[in-house]
Amino acid sequence: SRTCQHFDWRSGHKLQCLVEKENSNQVVNHVNSYEVEDNVHSSSPLCLEFYSGNNSSRALIPTSLSHEATKNPQKEVEEQLRSLKEELTKIKDENKWLRSERDEWEVRTRNSIDRLYSFRKENEHQLFILKHENELMSNAEKQATQMVNSLSQRVHYLQIAVESGVEERQKQEEYIQMLQNECAKVKIELQEQKKSVQRLTLELEKTKVHVRVTEDTRQKVVNASSEIPTIEYAGAE
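Note that my numbering has the sequence shown beginning at 20, numbered continuously upward.
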């Protein structure tokens with residue numbers, strides 16, 4: 020007989036095939052399963068055995084079961100091939116699914132890398148802006164400090180000038196008071212002048228009325244004078 024081994028990757032067991040030769044009791048173990056695949060179409064009896072992987076503890080199937088399995092060896096081989104094809108199809112489908120998952124994870128990884136790169140660029144840009152703003156703030160603080168020192172010096176000088184010029188300030192206050200008094204007088208005079216202007220305006224309006232009346236009277240007199248010769252001429256005729 021000949022023996023082949025197949026590994027069932029789902030159950031974790033090895034499948035052992037015993038192919039018996041006609042007119043012989045010798046059993047040959049084949050480590051490589053391809054040797055049995057060359058003889059799958061032979062008419063030799065075939066039987067199957069499961070074992071856990073320990074060569075020392077495996078046991079051969081009894082001869083009676085082996086003879087039972089020889090009833091339809093071609094059908095058993097076809098069943099085994101169909102089962103192996105189904106397993107191969109499942110493995111291919113799972114490999115296809117795993118490739119799809121791998122591609123999806125590669126896309127996710129690339130997207131994550133792109134987002135990370137963009138995030139790092141944005142952080143670098145923000146860091147550059149913060150450094151620039153920090154420099155501007157530092158320069159502004161320096162300028163503000165210089166301005167405060169300058170203003171402090173000016174205030175100090177002004178305090179000295181104020182303390183040393185009290186009399187001058189009093190004179191200036193007196194002068195300001197005098198100007199205010201004169202300004203008040205000027206305001207009073209201005210009001211009086213406004214009243215005078217208003218009075219003169221009224222008189223001017225009255226004068227204009229008299230002038231218009233006089234002009235009307237003069238025009239009437241002129242008209243009347245021009246009519247007198249006409250009347251005299253008519254009377255003479």
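Don't be surprised by glycine CBs; every beta carbon is placed ideally from N, CA and C.
Could you check the C-alpha separation between residue i and residue j for me, to the nearest Å?
i    : j    : result
S137 : S131 : 10 angstroms
R173 : N153 : 30 angstroms
L149 : M156 : 10 angstroms
M166 : E160 : 10 angstroms
S119 : E97  : 32 angstroms
Q212 : T220 : 12 angstroms
H144 : E106 : 56 angstroms
S183 : Y176 : 10 angstroms
N200 : T226 : 38 angstroms
K115 : R101 : 21 angstroms
D112 : R134 : 32 angstroms
I207 : K214 : 11 angstroms
S169 : N142 : 40 angstroms
K239 : V228 : 17 angstroms
T233 : Y194 : 56 angstroms
I110 : L117 : 10 angstroms
R188 : A163 : 32 angstroms
D122 : H151 : 43 angstroms
N158 : S171 : 20 angstroms
V241 : V205 : 51 angstroms
E192 : Q178 : 18 angstroms
K190 : L198 : 12 angstroms
R237 : C202 : 50 angstroms
With a CB to CB cut of under 8 angstroms and the five nearest residues on each side skipped, what residues in its chain are close to residue i?
i    : result
T128 : none
V181 : R188
Got a sec? Which residues, its chain only, sit under 7 angstroms from residue i by beta carbon, not counting five neighbours each side?
i    : result
S260 : Beyond the ends of the chain as shown, which are 20 and 256, falls residue 260; an answer cannot be given.
Q210 : none
Assign residue i to one of two classes, buried (16 or more other C-beta atoms within 10 Å of its C-beta) or exposed (fewer than that).
i   : result
N73 : Low confidence applies to N73: its pLDDT is 45, below 50, so where it sits in the model is not reliable, and the reading given next is rough at best. Result: exposed.
### Task
Any chance you could list the alpha helix (DSSP H) runs of at least 4 consecutive residues sitting entirely within the stretch 177-234, in chain order?
With a minimum length of 4 residues, no continuous alpha helix (DSSP H) run stays inside the stretch 177-234.
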